[in-house]
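Here is the structure we will look at.
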Amino acid sequence: MASAARNVARAAFKAPSASAFKTTARSSAFTLPRQTFRQQSHRSYASSSTKSSSSGLLIGVGALAVAGGAGYYFYSQGNGSLLSGSSGETKGLFTPKFEDYQKVYNEVAARLEEKDDYDDGSYGPVLVRLAWHASGTYDKETGTGGSNGATMRFAPEGDHGANAGLKAARDFLEPVKQKFPWISYSDLWILSGVCAIQEMQGPTIPYRPGRLDKDIAACTPDGRLPDASQGNKHLRDIFGRMGFNDQEIVALSGAHALGRCHTDRSGFSGPWTFSPTVVTNDYYTLLLNEKWQWKKWNGPKQLEDKTTKSLMMLPTDVALVSDKSFKQWVEKYAKDNDLFFRDFSAVITKLFELGVPFAENTEKYVFKPTNA
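The opening residue of the sequence shown carries number 1 in full-length UniProt numbering; numbering runs sequentially from there.
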């Protein structure tokens, strides 16, 4: 069914209008009825056996925070929250279980269904980007960065050029945080990325809770995320700092099947695929089989497809087919969507968990998609 959705989207590009890709408006060429995705079959893979913003609240270890300005307090340490009423009486330790996290998942999924006023009709891709960028700051040598902390809530990190546009994702999740105040922003951002991938017909992504929010002192320096204008050496430097090998770099790059670039954020413009709200291996097949040319415009160096001139690829994308070691994996994933799903699930789970001090025996959860 995902291929049917792609065919519909591709057909819409046969005669694109001159304004089809203005970044100031959502392109209807990509927008499919939400019911289309609801009715599609969901393929999933689990890597292990499991049980079935910026203006927000700071939760710290050993600290009390005021929610909503008055009357309601909570203390977060690990997976337990000490809840208190308006008069300060202790209500007891609340330890969230799988069912509680599933409720958060369902709330995010419901908002994805309801709020279709974003690029191509879905906030899904930007939620994946938020989770990716929150995690991709990890440095294995210093043990700093990563998804533990949600430090993008603060201006130093939130204002990094690579994070431009992610306020939309953080704001989208704020009502969820207010409804479930016991969950840390760190856990919520990653859970929302997991939800978005699964709700957009992607593979199952195992999830472990246990991230703790940190203060502004933990913000990471600029420059830890990939620079799209660079080549293969840069990719190995950036991903190698996090502990990824060539195969994992290519698998993670498959997230470019989703979303689009904006001139007012990265400077680049356009989507990578014809179905930017569905997780597929189209990124690899297009990268290999489509004819690409350098785009003639006043923006940064990027490629466009010769056929419709509606798709784009970045210099870092081209590096995956110009480098022999990278290219072998591009070819494998282009031929086998199931292989891509399995490897993508494994590597993005690894990314989401980098630097997180999980408690011993913290269980991995697999959430039931609402479109299953």
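All C-beta atoms in this analysis are idealised placements derived from N, C-alpha and C, irrespective of residue type, glycine included.
- The residue from Arg211, Tyr123, Ala155 with its alpha-carbon nearest to that of Leu173 is Tyr123.
- Pairing Glu360 with Phe154, the inter-Cα distance amounts to about 30 Å.
- Scanning its chain for C-beta atoms nearer than 7 Å, with the 5 sequence neighbours on each side dropped, one finds around Gln230 the residues Pro315, Thr316, in chain order.
- Look at Gly193 here: in three-state DSSP terms it is helix.
- For Leu93, the closest C-alpha among the options Trp182, Gly158, Glu304 is that of Trp182.
- Taken in chain order, the complete alpha helix (DSSP H) segments of 4 or more residues contained in the segment 267 to 311 are 282 to 289.
- Secondary structure within the segment 322 to 369: the alpha helix (DSSP H) runs of 4 or more consecutive residues, fully enclosed, are 324 to 335, 337 to 353 (chain order).
- Residue pairing by DSSP puts Asp139 in a beta bridge opposite Thr144.
- Close CB contacts of Gly299 within its chain, under the 8 Å cut and outside five residues either way in sequence, are with Thr263, Gly267, Phe268, Ser269 (chain order).
- Ranked by how close their Cα comes to the Cα of Asp116, the residues Thr285, Val321, Thr277 have Thr277 in first place.
- For Met313, DSSP records a beta bridge to Leu303.
- Contact between Tyr333 and Gly254 is confirmed by a C-beta separation of about 6 Å, below the 8 Å threshold.
- Taking 8 Å as the upper bound for CB-CB distance, Thr151 and Cys219 are in contact here, some 5 Å apart.
- At a Cβ-Cβ threshold of 7 Å, Ala162 and Ser147 do not count as neighbours.
- Here DSSP, grouped into helix, strand and coil, assigns Tyr207 to strand.
- A straight-line Cα-Cα distance of about 11 Å links Ala251 and Asn337.
- Secondary structure of Arg260 (DSSP, three-state): strand.
- Considered as a whole, the segment 210 to 237 harbours no complete run of any beta strand (DSSP E) with no fewer than 3 residues.
- Residue nearest to Ala169 within the set Val194, Gly158, Tyr207, Leu130 is Leu130 (criterion: CA-CA distance).
- Gly193 places its beta carbon less than 7 Å from that of Leu127.
- For the pair Leu166 and Pro156, the Cα-to-Cα distance works out to about 14 Å.
- Taking every protein chain shown into account, the CB of Asn289 has fewer than 16 other CB atoms within 10 angstroms, so this residue is exposed.
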